[in-house]
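Heads up: the structure comes next, in structure tokens.
2 protein chains.
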Amino acid sequence: MSSEHPAFAVTVDLVVFTIVGGALNVLLIRRGTEPYADRWALPGGFVRVDEDLDTAAERELVEETGLAEPAGHLEQLASYGTPGRDPRGRVVTVAYLALLPDLPTPTAGTDAAAAQWRPVADIDAEDLAFDHHRILADAVERARSMLEHTPLATTFCPPEFTIDQLRETYETIWGTRLDPADFHRAVASAAGFVVATGGTTSGGAGGPAPLYRPGPARVLHPPIPRRDPY
Amino acid sequence: MSSEHPAFAVTVDLVVFTIVGGALNVLLIRRGTEPYADRWALPGGFVRVDEDLDTAAERELVEETGLAEPAGHLEQLASYGTPGRDPRGRVVTVAYLALLPDLPTPTAGTDAAAAQWRPVADIDAEDLAFDHHRILADAVERARSMLEHTPLATTFCPPEFTIDQLRETYETIWGTRLDPADFHRAVASAAGFVVATGGTTSGGAGGPAPLYRPGPARVLHPPIPRRDPY
DNA sequence: CAAATAGTGTCTCTGAGACAGTATGAG
DNA sequence: CTCATACTGTCTCAGAGACACTATTTG
């Protein structure tokens with residue numbers, strides 16, 4: 001190795017997705033300090049001296065969402081370190097993808113002037129600070145492909161849900177329509193995807209819908225066939 | 001953001017794969033300096049002050065392989081930054097995955113005492129310095145899934161290759177046998193995967209085998225069906 | 001009753017996989 | 001000739017997708 005060890009700052013940035021009103025939403029914060037003061041950005045912050053990357057991401061998730069213990073999913077997405085991406089100096093950010101059940105109203109963290117959910121479809125490239133639009137685009141693509149092979153769509157749903165709620169989650173993120181009958185079969189044939197709780201819904205028009213909770217599977221066999229929009 | 005900006009060192013580490021003698025091999029270097037002197041490790045080094053992460057990975061690839069211009073594929077894998085993973089201090093490494101055509105005999109770079117190709121199957125967890133075994137395991141899994149959806153298997157082949165050579169590449173990395181007939185059809189039906197050059201082989205027993213070169217597709221539609229080993 | 005929703009039956013078509021068969025060239 | 005390799009034909013089975021249909025509950 002070389003003997004030069006240039007000093008970097010390392011941050012984690014979070015792409016936090018949830019579903020609100022049939023649309024995929026992402027958590028944005030309005031920056032309270034320079035650079036990019038008053039601009040919208042992904043939540044994030046510096047990694048501390050004795051902190052693992054995953055730990056820093058979990059900490060930021062709690063701080064920036066104001067949630068006591070987010071029950072969702074959190075995984076590393078990619079790292080971004082182009083010189084000049086942060087005017088303060090050489091900053092490498094490790095981006096994380098988080099999926100949260102349902103809209104807990106976000107409360108701004110210590111450094112954020114405001115926080116809000118924004119529909120992903122409404123965000124333009126120029127809206128976001130730093131290179132956060134590129135990170136967001138990568139995150140959307142990752143989320144879409146994850147639904148195929150993992151049961152993580154359940155993390156967007158309440159603890160107990162109907163198959164139709166689950167289907168609407170897929171339809172929202174993939175931006176397409178799925179046949180209710182075929183979707184039901186696909187979910188049923190993916191071993192360990194969901195488990196019937198025995199309870200049913202009541203109140204809506206139509207028959208009682210059985211309730212399910214997430215099953216033990218971490219990978220779906222067979223996968224849920226993906227239909228692309230158009 | 002917080003006002004504390006702890007200083008990190010940022011490195012890139014490379015998982016360089018090639019196929020030698022029907023086995024997936026990875027490039028390892030014997031470290032010439034502490035820590036882990038005389039231990040085998042993935043090639044890598046510190047990111048320079050004005051260097052992008054991708055650029056640093058490309059530079060290290062050239063330096064550590066001694067190749068003038070590696071014609072393979074290079075992409076980011078993941079980042080690893082657990083405190084204590086490097087005894088020198090707080091080091092975050094961005095791991096890259098590289099796929100190279102065929103065994104150019106590695107020449108040690110400036111800091112490496114030696115470099116060699118090692119069959120992945122022969123490597124035990126304790127053989128490698130730092131947390132490099134974990135990085136290697138992640139890279140193998142990434143490489144396997146890439147073959148399904150991308151034409152990157154061609155990066156392991158010479159500029160012109162037969163369908164059988166390509167099939168052997170899949171068999172090596174997936175650790176399984178594929179039906180030559182079905183594989184041929186799968187490749188032919190994936191638009192833009194390969195293009196016939198018009199030339200044929202001669203010299204081996206059997207009929208002349210048409211030669212192909214990589215096609216323009218970056219994603220395979222439909223994908224090459226993956227068969228898992230067992 | 002009508003309307004809405006959950007779930008099943010069933011048909012069609014495509015593609016994966018197995019394997020037989022054909023063409024070509026080396027020795 | 002025999003043998004090995006490259007590729008095609010064809011059959012079977014499973015799953016995706018479309019859609020008709022039944023069952024159940026609310027209003």
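In the order they appear, the protein sequences are chains S and A. Using our numbering, the first residue of the first sequence is number 1, and each one after it goes up by one. Using our numbering, the first residue of the second sequence is number 1, and each one after it goes up by one. Beta carbons: idealized from backbone N, C-alpha and C, even for Gly. A quick note: this is a predicted structure, and the numbers were derived from the prediction, not measured.
Exercise. Given a threshold of 16 other Cβ atoms within 10 Å of its Cβ, counted over all protein chains shown, does S/Ala90 qualify as buried or as exposed?
Worked result: One point to set straight first is that residue 90 of chain S is Arg, not Ala, in the sequence displayed. Buried, because 16 or more other Cβ atoms sit within 10 Å of the Cβ of S/Arg90.
For this session: Report yes or no: is there a C-beta of chain A within less than 8 Å of the C-beta of S/Pro76?
Result: Just to set this straight, residue 76 of chain S is Gln in the shown sequence, not Pro. It does; some Cβ of chain A falls within 8 Å.
Exercise. Any beta-carbon of chain S closer than 8 Å to the one on A/Pro87?
Worked result: no
For this session: Using a Cβ cut-off of 8 Å, pull out every chain S residue sitting near A/Gly81, in sequence order please.
Result: Val10, Val47, Asp52, Leu53, Val94
For this session: Report yes or no: do three or more beta-carbon pairs, one from the region 52-65 of chain A and one from the region 168-176 of chain A, lie closer than 8 Å?
Result: no
Problem set entry | Under 8 Å between C-beta atoms of A/Glu64 and A/Tyr96 | no
Problem set entry | Candidates S/Leu27, S/His73, S/Val94, S/Ala23: closest to S/Gly45 by CA position | S/Val94
Problem set entry | Enclosing beta strand (DSSP E) for S/Glu75 [first to last residue] | 73-80
For this session: At 8 Å on the CB atoms, spell out the chain A contacts of S/Ala7, in chain order.
Result: Ala7, Phe8, Ala9
Exercise. When DSSP builds the beta bridges, which residues end up paired with A/Trp117?
Worked result: A/Leu27
For this session: Please go through the same chain and pick out, in chain order, the residues whose beta-carbon is closer than 8 Å to the beta-carbon of S/Thr136, but skip the five residues on each side of it.
Result: Checking the displayed sequence, the identity of residue 136 of chain S turns out to be Leu instead of Thr. Taken in chain order, the residues that qualify are Val15, Val26, Leu42, Val120, Ile123, Leu128.
For this session: For the region 109-179 of chain A, list the beta strand (DSSP E) runs that are entirely contained and at least 3 residues long, ordered along the chain.
Result: 112-119
Exercise. Going by the CB atoms, is the gap between S/Thr169 and S/Phe183 shorter than 8 Å?
Worked result: no
Problem set entry | Between the CA atoms of A/Asp52 and A/Val10 - distance to the nearest angstrom | 11 Å
Problem set entry | Three-state secondary structure (DSSP) of A/Phe8 | strand
Problem set entry | Residue(s) in a DSSP beta bridge with A/Val194 | A/Pro214
Exercise. Do you know offhand how far A/Arg85's Cα is from S/Asp50's?
Worked result: 11 Å
Exercise. Residues of chain A with CB under 8 Å from S/Arg90, in chain order?
Worked result: Val49
For this session: Could you pull out every residue in the same chain whose Cβ sits closer than 8 Å to the Cβ of A/Tyr36, ignoring the five residues on either side in sequence?
Result: Ala129, Phe130
Problem set entry | Nearest-angstrom Cα separation, counted from S/Gly198 out to S/Tyr80 | 46 Å
Problem set entry | With 16 other Cβ atoms within 10 Å as the buried cut-off, status of S/His132 | buried
For this session: Leaving out five residues on either side along the sequence, give the residues of the same chain with a beta carbon under 8 Å from the beta carbon of S/Trp232.
Result: As displayed, chain S neither begins before 1 nor continues past 230, which places residue 232 of chain S out of reach and without an answer.
Problem set entry | Residue environment, S/Thr33, which counts as buried when at least 16 other CB atoms sit within 10 Å | exposed
Exercise. From the DSSP output, which residues share a beta bridge with A/Leu14?
Worked result: A/Tyr96
Problem set entry | Where A/Val91 falls: helix, strand or coil (DSSP) | strand
For this session: Assign S/Thr18 to buried or exposed, taking buried as 16 or more other Cβ atoms, counted over all protein chains shown, within 10 Å of its Cβ.
Result: buried
For this session: Apply the 10 Å Cβ neighbour rule to A/Arg167 and answer buried if 16 or more other Cβ atoms are within range, or exposed otherwise.
Result: buried
For this session: Taking only beta-carbon positions, decide if A/Ser2 is within less than 8 Å of chain S.
Result: In this prediction, A/Ser2 has a pLDDT of 42, which is less than 50 and means its spatial position is unreliable; what the coordinates show is noted afterwards. A/Ser2 counts as touching chain S.
Problem set entry | Straight-line Cα distance separating A/Ala186 from A/Pro225 | 8 Å
Exercise. Per DSSP, S/Ile19 is paired with what?
Worked result: S/Leu24
Exercise. Can you list, in chain order, the residues of its chain whose CB lies under 8 Å from that of S/Tyr212, leaving out five sequence neighbours each side?
Worked result: Glu160, Phe161, Thr162, Ile163, Leu166, Val194, Val195, Ala196, Thr197
For this session: Could you check the C-alpha separation between A/Ala71 and A/Ala98 for me, to the nearest Å?
Result: 10 Å
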